[in-house]
Amino acid sequence: MSKHHTKHHATASDAGYGKTLHALQIELVKFQKHLIAHGDRILILLEGRDGAGKDGTIKRIVEHLSPRETRVVALGKPSSRAESAWYFQRYVPHLPVAGEFVLFNRSWYNRAGVEWVMDFCTEAQYEEFIETVPVFEQMLVRSGIQLFKYYLDIDKAEQKQRLKDRLTDPLKQWKMSPIDAAAQKHWKAYSSARNAMLARTHSAVAPWTVVRANDKKRARLGLIMDLLARLDYKGRDHALLCPDPGIVFAYTSQTVDSGAIAP
């Protein structure tokens with residue numbers, strides 16, 4: 422293990438985690454002040470398997486931000502009316518306006534993941550989504566929205582343990598669903614769907630960033646560091662914004678073959 426990895430592992434596993442997280446949250450507040458003053462529009466998509474840590478990561482990002490200008494969007498099952506609408510239609514009202522910081526806890530990529538694996542959509546609906554989502558995202562970026570797409574990746578054993586923990590933790594009961602119960606059974610199908618989604622929806626305009634999330638704390642710190650390093654604001658602490666490249670990295674066509682993400 423390199424010194425670089427050792428340093429980050431220590432940071433994430435002891436009291437240093439809390440100190441680093443606090444410093445990053447101060448940076449997020451600095452950024453939001455700049456965002457509001459300049460009227461920028463920020464949209465973050467967090468995707469990943471059940472139990473990958475999306476909820477916990479989002480909680481740490483928004484913890485000290487202004488609730489007026491910060492929104493977390495986690496849409497439920499679409500209504501019968503929404504099912505007959507243009508697929509992206511129910512997401513559009515939640516897009517950020519000037520000065521807003523919006524995080525999607527799962528997004529339109531549901532169609533390329535759970536909907537596809539669990540047969541909640543047809544092959545024609547899936548193909549239409551896969552072919553049109555790059556155009557849709559290009560429209561968003563061209564309109565001035567800054568779009569960031571993160572995929573949180575965990576391995577099968579880690580997911581199994583986290584889903585088991587949900588069953589025994591009374592504070593996590595709300596997270597359990599029939600979809601969660603099927604996650605391990607359909608592991609290979611989800612892997613295949615993930616690989617196709619990343620390969621077919623990654624673009625120069627709206628690239629995917631992968632976060633290795635077996636270690637929740639390292640994943641949270643790494644994602645926040647990566648996000649802040651790519652945002653524009655005054656007074657940033659450059660020395661702080663150095664995510665571990667073994668934890669957070671840009672998706673490439675070699676990502677799957679190299680074993681960088683869980684098979």
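Going by the numbering used here, 650 is the number at position 229 of the sequence shown; the sequence numbering is gapless.
C-beta atoms are modelled at their ideal positions from N, C-alpha and C, and glycine is treated no differently.
Under the three-state reduction of DSSP, residue 491 is assigned to strand.
In the DSSP secondary-structure assignment, residue 630 is bridged to 571 and 671.
When DSSP reads this structure, residue 523 sits in a beta bridge with 464 and 492. No Cβ-Cβ contact shorter than 8 Å links residue 576 with residue 681. Taking the Cα positions, residue 452 is about 8 Å away from residue 652. Residue 673 has its alpha-carbon roughly 29 Å from the corresponding atom of residue 541.
Three or more beta-carbon pairs drawn from the stretch 454 to 472 and the stretch 522 to 533 are found closer than 8 Å, and the two stretches are therefore classed as touching.
When only Cα atoms are considered, residue 637 and residue 536 end up about 26 Å apart. When the Cα atoms are used, residue 561 and residue 485 turn out to be separated by approximately 27 Å.
By a beta-carbon distance limit of 8 Å, residue 574 contacts residue 633. Their separation comes to about 6 Å. DSSP links residue 565 through a beta bridge to no other residue. In terms of Cβ geometry, residue 468 and residue 572 form a close pair [threshold 8 Å]. The three-state reading of DSSP puts residue 656 in coil, since its state is none of H, G, I, E or B. DSSP places residue 474 in the coil class of the three-state scheme, outside both helix and strand. Proximity to residue 578 across 557, 588, 608 and 459 peaks at 608, based on C-alpha coordinates. The beta-carbon separation of residue 570 and residue 627, rounded to 6 Å, stays under the 8 Å limit for a contact. Ranking 555, 605 and 545 by CA distance to the CA of residue 622 puts 555 first. For residue 469, the pairing in a beta bridge is given by DSSP as 573. A contact between stretches requires three or more CB pairs, one per stretch, nearer than 8 Å, and the stretch 499 to 513 fails this requirement with the stretch 433 to 449. Taking C-beta separations shorter than 8 Å and ignoring five residues to either side along the sequence, the partners of residue 612 in its chain run 683 and 684, following chain order. For residue 529, no alpha helix (DSSP H) encloses it, and the DSSP letter there is neither H nor E. If you draw a straight line from the Cα of residue 658 to the Cα of residue 533, it is about 37 Å long. Look at residue 635 here: in three-state DSSP terms it is coil, with no helix or strand label.
For the 8 Å CB-CB criterion, residue 649 and residue 448 form a contact. In this structure, the alpha-carbon of residue 529 lies about 23 Å from that of residue 580.
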